[in-house]
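Chemist:
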Amino acid sequence: MPTNKAFPTPFSGQLSLYVGIQLANILYGVETYLYFKTMYIFLASGRARQKSDKFYALFSTVMFSMITIFVALIWAINQAGWLVDQNHPPRRVPFAYLDISGSVSVILQLLTDGLMVYRCRIVWDSLLAITIPFILWLATLALGIMYVWIRAVTLTNPFEKQSAKISLAYYTISVSLTAILTCMICGRLIYYGRLMKKHLGQEHAALYFSTVMLIVESMLPYSLAGIALLGAFVAGSPAALTILLVFGFMMCVSPQMLILRVAAGRAWREETIQPLQSMVMFAPDPRDTSGLGNSEGMGSAVHLESLPGASPSLTQESGEDDKV
Numbered sequence: 001m002p003t004n005k006a007f008p009t010p011f012s013g014q015l016s017l018y019v020g021i022q023l024a025n026i027l028y029g030v031e032t033y034l035y036f037k038t039m040y041i042f043l044a045s046g047r048a049r050q051k052s053d054k055f056y057a058l059f060s061t062v063m064f065s066m067i068t069i070f071v072a073l074i075w076a077i078n079q080a081g082w083l084v085d086q087n088h089p090p091r092r093v094p095f096a097y098l099d100i101s102g103s104v105s106v107i108l109q110l111l112t113d114g115l116m117v118y119r120c121r122i123v124w125d126s127l128l129a130i131t132i133p134f135i136l137w138l139a140t141l142a143l144g145i146m147y148v149w150i151r152a153v154t155l156t157n158p159f160e161k162q163s164a165k166i167s168l169a170y171y172t173i174s175v176s177l178t179a180i181l182t183c184m185i186c187g188r189l190i191y192y193g194r195l196m197k198k199h200l201g202q203e204h205a206a207l208y209f210s211t212v213m214l215i216v217e218s219m220l221p222y223s224l225a226g227i228a229l230l231g232a233f234v235a236g237s238p239a240a241l242t243i244l245l246v247f248g249f250m251m252c253v254s255p256q257m258l259i260l261r262v263a264a265g266r267a268w269r270e271e272t273i274q275p276l277q278s279m280v281m282f283a284p285d286p287r288d289t290s291g292l293g294n295s296e297g298m299g300s301a302v303h304l305e306s307l308p309g310a311s312p313s314l315t316q317e318s319g320e321d322d323k324v
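Written out as structure tokens, the structure is:
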């Protein structure tokens, strides 16, 4: 019987593909729920509108539309490859579907990585901080075009010898970009979380910083799926097909969870850190051992503490020893 390089022939590969498809269907259900809940919040009457609402709503719609197309292509690929076109040597129909699905997955990945770069800029509040991630994103764009082209020319899946090298380069750069952005976002949020806990207390910090926030804001599930895919790819594991499909759907689920937090008003914004930047810290005069100060000569000290991004502290003298 003629074989098709686009489909795994060993039983382990077929089983991996089957498991991946079932997990993909589950994740598509999760994505559908998150999308419609997000749009419901965006369109709800009485909700305070933000300037970024239109952008996030449009982004969500584009991502959901493309992942829906991707799901339809998965169904068509398997029907054409395993049932309808099983004994046809050229197998052009499933190959055509594979080409389209590869293009869709690259576009989805570029959009998701682009959103991560944008969110990193918001968290860091600096264009300089995203210089290297943006360069890596451009490299991912170039390799993504080559990745789609080589698959179309060689008529193979990403793990075959003809396309394995360019696939490895593409996924290495993309996963590296994702991991770097995740670390940058997590590191910055943890830093601000500790500052807020130190100066404003645990109760106030808990409103803004939590484990869920770190996972969602940094798109950690997407990054972990990418690292797992790269490891399985390098090891030549049959599980790579399963992880590839899971990774493809995490491209939509992770950003959709973030956008849902944006719609609910719980996501990180540039204004989130303002209470820290304008905070005034009061401390007793170190020379006052009683802790009550001395109103007749020694006075008391009031310290203004400025955090990153805040204006410098002001200093003025009142009397001989009082300082502000």
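Numbered according to full-length UniProt numbering, the sequence shown spans residues 1 to 324.
The beta carbon of each residue, even a glycine, is placed where N, CA and C say it ideally should be.
Computed from a prediction, not measured in an experiment: that's the story for all the values here.
(1) Just curious, the alpha helix (DSSP H) that Trp149 is in, first and last residue?
(2) Just to confirm the assignment, what range does the alpha helix (DSSP H) spanning Gln79 have?
(3) Touch check for the stretch 34-45 and the stretch 232-240: three-plus C-beta pairs under 8 angstroms?
(4) Determine contact between the stretch 17-32 and the stretch 238-253, defined as no fewer than three beta-carbon pairs at a distance below 8 angstroms.
(5) Could you compute how far the alpha carbon of Ile185 sits from the alpha carbon of Val123?
(6) Could you name each continuous alpha helix (DSSP H) segment of 4 residues or more that falls completely within the stretch 161-221, going from the start of the chain to the end?
(7) What do you reckon, are the CB atoms on Ala263 and Thr38 nearer than 8 angstroms?
(8) Do you know whose CA, among Val19, Met63, Ser174, Ser12, lies nearest Trp137's CA?
(9) Assuming the contact rule is C-beta atoms closer than 8 angstroms, Phe101 and Ile74 should be a hit. Round their C-beta distance to whole Å, please.
(10) So Arg119 and Ala129 are supposed to be a Cβ contact under 8 angstroms. How far apart are they, rounded?
(11) Helix, strand or coil for Pro238? Go by DSSP, reduced to three states.
(12) Compute the distance between the beta-carbons of Val246 and Leu23, then report whether it is under 8 angstroms.
(13) Does the beta-carbon of Ile259 have 16 or more other beta-carbons within 10 angstroms, so that it is buried, or is it exposed?
(14) Three-state secondary structure (DSSP) at Ala24?
(15) Determine the burial state of Gly187: buried for a count of at least 16 other Cβ atoms within 10 Å of its Cβ, exposed for fewer.
(16) Quick one: what does DSSP say Gln50 is sitting in, helix, strand or coil?
Modeler: Looking at the atomic coordinates:
(1) 131-154
(2) 53-79
(3) no
(4) yes
(5) 7 angstroms
(6) 161-200, 202-206, 211-217
(7) yes
(8) Ser174
(9) Residue 101 is actually Ser in this sequence, not Phe. With a Cβ gap of about 7 angstroms, Ser101 and Ile74 count as contacting.
(10) The pair is not a contact, with the Cβ atoms about 12 angstroms apart (cut-off 8 angstroms).
(11) coil
(12) yes
(13) buried
(14) helix
(15) exposed
(16) coil
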